[in-house]
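Heads up: the sequence shown begins at 1 in full-length UniProt numbering, then just goes up one per residue. Ideal placement from N, C-alpha and C gives every residue a C-beta, glycine not left out. None of the values given here were measured: they were computed from a predicted structure. Below: the structure, in structure tokens.
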Amino acid sequence: MSKFFRRAKNCSSDSSDFEIDSDYEQVPSQDSRESDSDQPGTSEKTAVSKKDQKKIENWLMEPTDESETVEERHIKEIESLQAELANLRYCIVEQDEKVYESLLKQSSLHLELLEVKQKNEELEKEKRKTEEQHDEIIMLLEASKDKKINYIKEDADEKLMEENEKLKMKMMELKADLMEEKTKNMSLMDSDDPVEVHLTYEVKNLKLELAEKNREVATLKKQLKKVKKSKKLRDPGNLEEELQLTRSELEQAKQELAFANEQISMIFESNEMTRQQDSAGYEKQIRELKDRLIAREEEIWELKNK
Numbered sequence: 001m002s003k004f005f006r007r008a009k010n011c012s013s014d015s016s017d018f019e020i021d022s023d024y025e026q027v028p029s030q031d032s033r034e035s036d037s038d039q040p041g042t043s044e045k046t047a048v049s050k051k052d053q054k055k056i057e058n059w060l061m062e063p064t065d066e067s068e069t070v071e072e073r074h075i076k077e078i079e080s081l082q083a084e085l086a087n088l089r090y091c092i093v094e095q096d097e098k099v100y101e102s103l104l105k106q107s108s109l110h111l112e113l114l115e116v117k118q119k120n121e122e123l124e125k126e127k128r129k130t131e132e133q134h135d136e137i138i139m140l141l142e143a144s145k146d147k148k149i150n151y152i153k154e155d156a157d158e159k160l161m162e163e164n165e166k167l168k169m170k171m172m173e174l175k176a177d178l179m180e181e182k183t184k185n186m187s188l189m190d191s192d193d194p195v196e197v198h199l200t201y202e203v204k205n206l207k208l209e210l211a212e213k214n215r216e217v218a219t220l221k222k223q224l225k226k227v228k229k230s231k232k233l234r235d236p237g238n239l240e241e242e243l244q245l246t247r248s249e250l251e252q253a254k255q256e257l258a259f260a261n262e263q264i265s266m267i268f269e270s271n272e273m274t275r276q277q278d279s280a281g282y283e284k285q286i287r288e289l290k291d292r293l294i295a296r297e298e299e300i301w302e303l304k305n306k
């Protein structure tokens, strides 16, 4: 019983008056317990030692009132203990609910703490990234004070010519690779319809050339933008020559693109005509076979009738 009494100490002082289950009596109020504390046989809510407990048991064995027997006193004590037990059970349930609520609150606080930590880590990363970018900008600014910008003084025509030569060399290498890949794949493919295979590879070839020309046009447009930006810092004569060269390159690229589009359309038309001719030939062969089958069936029917 001492364990239950210790648990009861943690309960609130107002938990003495409440409703209990039907198996137990209603717990008396604090005032009623204080009024009965002078009577013999009443139990206190605090733990007692073994020596005092033995004295109480001996005292309970000796009846003081002639009208009250030992058995009645025991029954009264049992009823009081049952009520106290019900009170303790109620207090235990209350404490368990408080512990459960505390655990839920701790769990939610733990999740919030994890979210805050993650946000803090993200902010630290952003801060480090911003600091690195700031340091890079400062270094570039410090370096630009002592470094002379010489690329403006270079001849724009020579630079464009070098870039165009590089692009042409790259185009030649790509064309050689494409031709090699084309011959390699042509030998591996099924040769039932060589015309269709050839036309398909021609279309792929022209599409690749078209993509390469588009890249060249994009490169030339970028160069033109750079020229426009540096217009104020360069010689007007050189700028005019550079613009003229860029325009001629753009015009040449447009002509090549138009030629490539014409070639693609011609290949598509040729392919369509070939397919139509093949389908017409196939239909003619099918009609001839049907006529032969009909004639053969007529011969068989005549032979059967004979």
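Here's the rule: buried if 16 or more other CB atoms are within 10 angstroms of the residue's CB, otherwise exposed. What is residue i?
{"i": "Gln223", "result": "buried"}
{"i": "Glu79", "result": "exposed"}
{"i": "Ser2", "result": "Low local confidence applies: a pLDDT of 40 at Ser2 is under 50, so the model's placement there is unreliable, with the coordinate-based value given in what follows. Ser2 should be labelled exposed."}
{"i": "Asn120", "result": "exposed"}
{"i": "Tyr90", "result": "buried"}
{"i": "Arg292", "result": "exposed"}
{"i": "Ala86", "result": "buried"}
{"i": "Arg287", "result": "exposed"}
{"i": "Lys290", "result": "exposed"}
{"i": "Leu88", "result": "buried"}
{"i": "Arg128", "result": "exposed"}
{"i": "Ala295", "result": "exposed"}
{"i": "Ala83", "result": "buried"}
{"i": "Glu126", "result": "exposed"}
{"i": "Glu299", "result": "exposed"}
{"i": "Glu242", "result": "buried"}
For residue i, which of helix, strand or coil comes out of DSSP?
{"i": "Thr130", "result": "helix"}
{"i": "Thr69", "result": "coil"}
{"i": "Arg292", "result": "helix"}
{"i": "Arg287", "result": "helix"}
So which of the options has the shortest CA-CA distance to residue i?
{"i": "Leu250", "options": "Glu283, Glu216, Asp278, Leu174", "result": "Glu216"}
{"i": "Glu256", "options": "Val93, Glu124, Leu210, Glu72", "result": "Leu210"}
{"i": "Ala258", "options": "Leu289, Lys213, Leu243, Thr274", "result": "Lys213"}
{"i": "Thr219", "options": "Glu173, Leu206, Leu167", "result": "Leu167"}
{"i": "Gln263", "options": "Glu97, Glu131, Cys91, Asn205", "result": "Asn205"}
{"i": "Thr246", "options": "Val116, Val93, Lys225", "result": "Lys225"}
{"i": "Ser265", "options": "Asn305, Glu202, Gly281, Gln244", "result": "Glu202"}
Contiguous beta strand (DSSP E) assignments of at least 3 residues, all confined to the region 87-143 = none
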